[in-house]
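Input: a single structure, listed below in structure tokens.
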Amino acid sequence: MKKDKKINIIIDTDPGVDDTAALTLAFADSMVDIKLITTLSGNLDLKTVTRNALHVLEKYGRTDIPLAMGATKAMYRVSPDARFIHQNEGMGGYIPPKTVNTKPIEKSAVEAMYEVIKENANDISIIACGPHTNLGMLIEAHPDVVDMINHIYCEGCAPYGYKGETYISFNVSTDPEAFEIVINSGIPITIIPSRMGRELGNFTEEEVYALREMNDVGKFLFEMYSGYWEPAYPDRRIATNDSCAYMIMRFPKLFKTKKAFFTVDTDKAPGKTIIEFNRHGNVNYAYKVNRKNLHDLYYKAIKKFDGVKLK
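Structure (structure tokens):
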């Protein structure tokens with residue numbers, strides 16, 4: 001691959017604080033070409049997360065990127081939202097406007113993704129920042145995409161249990177049937193577990209406050225993060241879940257991964273994920289990260305916005 005060749009990506013998202021941070025990293029990256037953004041119900045309802053995504057595009061001056069609306073609910077169930085951590089408007093401590101000027105395109109997320117994937121066959125990857133509903137529906141409606149997608153990078157799973165209590169993480173438990181379709185599709189997939197963002201790559205309170213002093217984008221991220229502290233820890237920390245999903249796509253050497261067979265419970269404990277490490281597995285599982293280098297690259301991306309005034 002030529003050094004100057006851009007990486008074509010689709011970002012499937014439900015903003016969401018960590019989703020917005022991942023979008024920010026993508027906007028800062030001159031080596032990616034965001035062909036499409038798709039939204040789906042997850043952290044909040046579809047209408048709210050779509051409003052948030054469109055607002056972020058307007059805020060960064062990136063309304064050139066097409067956005068398509070997707071699933072209003074999981075494929076076979078009704079799932080709870082995550083406003084308890086993303087807050088009522090979905091953007092933590094930042095309150096977005098009630099309305100936006102930019103409109104989504106007319107095509108549904110599934111059909112828009114299919115069109116973009118066909119146009120960039122074997123030269124496109126997907127960053128999945130939310131539940132896998134849009135992807136599950138895409139694979140069911142257009143199974144030929146399996147041979148056209150380079151890779152899927154996503155956050156979500158707690159294969160060993162979280163804090164010794166549960167194996168369930170939000171993005172998987174919201175639509176376990178869709179997750180099962182994706183991991184068994186044959187598309188290469190790399191998964192960032194919940195522990196990666198919360199315990200291995202998280203930001204400390206001091207690091208979050210440092211963002212406020214950087215530039216307009218740092219202030220924006222700080223404002224969001226100020227209403228997004230992880231609730232299950234004695235210290236104040238910010239999870240970098242979706243940022244890690246983006247970073248492992250761009251800087252894979254930051255992370256250590258193992259091949260594993262993933263299965264997901266869709267019955268007794270919906271969303272419970274179990275793994276068995278095996279070099280022939282269906283998933284690349286990330287288990288370690290160089291935290292310092294991860295944070296350095298994150299801050300470097302934010303510094304690229306020096307002098308930029310957000311709208």
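1 is the number of the first residue of the sequence shown in the working numbering; add one for each residue after it. Where is the CB? At the ideal position from N, CA and C, for every residue including glycine.
Separation of the CB atoms of residue 225 and residue 258 is rounded to 30 Å, and the pair is thereby denied contact status at 8 Å. Beta-bridge partners of residue 238 (DSSP): 203. Within the same chain, 220, 310 and 311 come within 8 Å of residue 59 by CB-CB distance, once the 5 residues on both sides are set aside.
In this structure, residue 156 keeps its C-beta atom at 7 Å or more from the C-beta atom of residue 109. Residue range 109–119 is occupied by the alpha helix (DSSP H) that includes residue 119. Here residue 60 carries a coil assignment [DSSP, helix/strand/coil]. Residue 230: not part of any beta strand (DSSP E); DSSP gives it neither H nor E. With at least 16 other beta carbons inside 10 angstroms of its own, residue 196 counts as buried.
Closest in C-alpha terms to residue 235, from the list 137, 103 and 204, comes 204. About 20 Å separates the beta carbons of residue 96 and residue 68, which is beyond the 8 Å limit, so they are not a contact pair. Pairing residue 172 with residue 273 gives a Cβ-Cβ distance under 7 Å.
For the options 38, 194, 249 and 80, the alpha carbon positioned closest to that of residue 114 is the one of 38.
If you look at residue 135, you'll find it in the alpha helix (DSSP H) that goes 133–141. Cα atoms of residue 271 and residue 78: separation of roughly 13 Å, rounded to the nearest angstrom. A check of alpha carbon separations from residue 237 across 6, 289 and 18 identifies 18 as the nearest. Here DSSP, grouped into helix, strand and coil, assigns residue 257 to strand.
Annotation: the continuous beta strand (DSSP E) that includes residue 67 extends over 67–69.
When the beta-carbon positions are compared, residue 202 and residue 240 come within less than 7 Å of each other. The C-beta distance from residue 129 to residue 28 rounds to 16 Å, too long to fall under 8 Å, and the pair is not in contact. Take residue 121, set aside five residues on each side of it, and the residues of its chain with a beta-carbon closer than 7 Å to its own are 148, in chain order.
Under the three-pair Cβ rule at 8 Å, the stretch 76–92 does not count as touching the stretch 181–197.
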